[in-house]
Amino acid sequence: MNIFRYRYFFRPKRCIIFTTIVIAFFLMYQLFSVGQLGKELSRRGPRSRLQTNFRSYEKADGFMMPKKSDKEVLPEQPEVDSLNFVIGVLSSSQELYKPTVRNTFRCLRSGEEIDYSFLNDNYCDCTDFSDEPSTSACNVGKFYCTHQSEHNVNSIVSYKVNDGVCDCCDGSDEWLHIKPPEHSQVPAIKQKGIYQVPCPMKCKS
């Protein structure tokens, strides 16, 4: 009887000890992960010139409109033949998005200088959000449609870029051609005023 008594006495203690060890290892792993992430982020200082592939798992490296020979251009999309054209930027501001002699990008309003590879990488490096004109990373930024009318400046809030809904009349805000989730897709014949990818060309002038 004494053996059984001790067996039942020690069994809960073993469970508690095992659970404590597992929790301790989990917390140590989390602290280590946060420390590694902090090191990576510290390398991306505003004046960092370090070349890196950080967050390369989903870099928006297609922010430059490809040539026709590189990628088939959909007939309803505006054709831009120059690789130097940055989507989401007005023609009059394109010069501001060229790399400096040090291969950096100077933030338009804050004056910070970042590595040119950080431009349109789906991460806000400039405090004025000017380094993400083609993506939705800085959701309070502004995306300028490729087609501009003579009297109005056509632009949308950045968080609407590549969300599957065509906000620009030329569909230039959906340059990745990502369709909305299947449960929210509407047949083309039933789309009234609000269009989804693939975007039709509906510019009037």
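Residue numbers (the UniProt record's numbering): 1 to 205.
No residue lacks a Cβ here, since even glycine has one placed at the ideal position from N, Cα and C.
Use the C-beta contact count for residue i: other C-beta atoms within 10 angstroms, 16 or more gives buried, fewer gives exposed.
| i | result |
| --- | --- |
| Thr127 | exposed |
| Glu174 | buried |
| Leu27 | exposed |
| Glu112 | buried |
| Tyr144 | buried |
| Thr20 | exposed |
| Cys199 | buried |
| Ile16 | exposed |
| Ser184 | exposed |
Residues in its own chain within less than 6 Å of residue i by CB, not counting five upstream and five downstream?
| i | result |
| --- | --- |
| Pro187 | none |
| Lys202 | Cys169 |
| Ser149 | Ser205 |
| Leu176 | Asn162 |
Identify the continuous beta strand (DSSP E) that holds residue i and give its terminal residues.
| i | result |
| --- | --- |
| Lys142 | 142-144 |
| Val157 | 155-157 |
| Arg106 | 104-106 |
| Glu113 | 113-115 |
Taking C-beta to C-beta, are residue i and residue j nearer than 8 Å?
| i | j | result |
| --- | --- | --- |
| Lys179 | Val197 | yes |
| Tyr195 | Cys168 | no |
| Val161 | Lys142 | no |
Might you give, ordered along the chain, the residues of its own chain that have their beta carbon closer than 7 Å to the beta carbon of residue i, omitting 5 neighbours on each side?
| i | result |
| --- | --- |
| Phe137 | For clarity, residue 137 is Ala in the given sequence; the question names Phe instead. Cβ within range, chain order: Asn122, Tyr123, Cys124. |
| Pro78 | With a pLDDT of 39 at Pro78, under the threshold of 50, the predicted position of this residue should be treated as unreliable, though the coordinate-derived value follows. Thr146, His147, Asp170, Ser172, listed in sequence order. |
| Tyr159 | Ser136, Asn139 |
| Leu108 | Leu96, Asp128, Ser130 |
| Thr100 | Arg106 |
In its own chain, which residues sit with a C-beta less than 8 Å from the C-beta of residue i, not counting the 5 before and 5 after it?
| i | result |
| --- | --- |
| Tyr97 | Val86, Val89, Phe105, Leu119, Pro133 |
| Phe25 | none |
| Ser91 | Gln148 |
| Ser155 | Lys142, Phe143, Tyr144, Cys145 |
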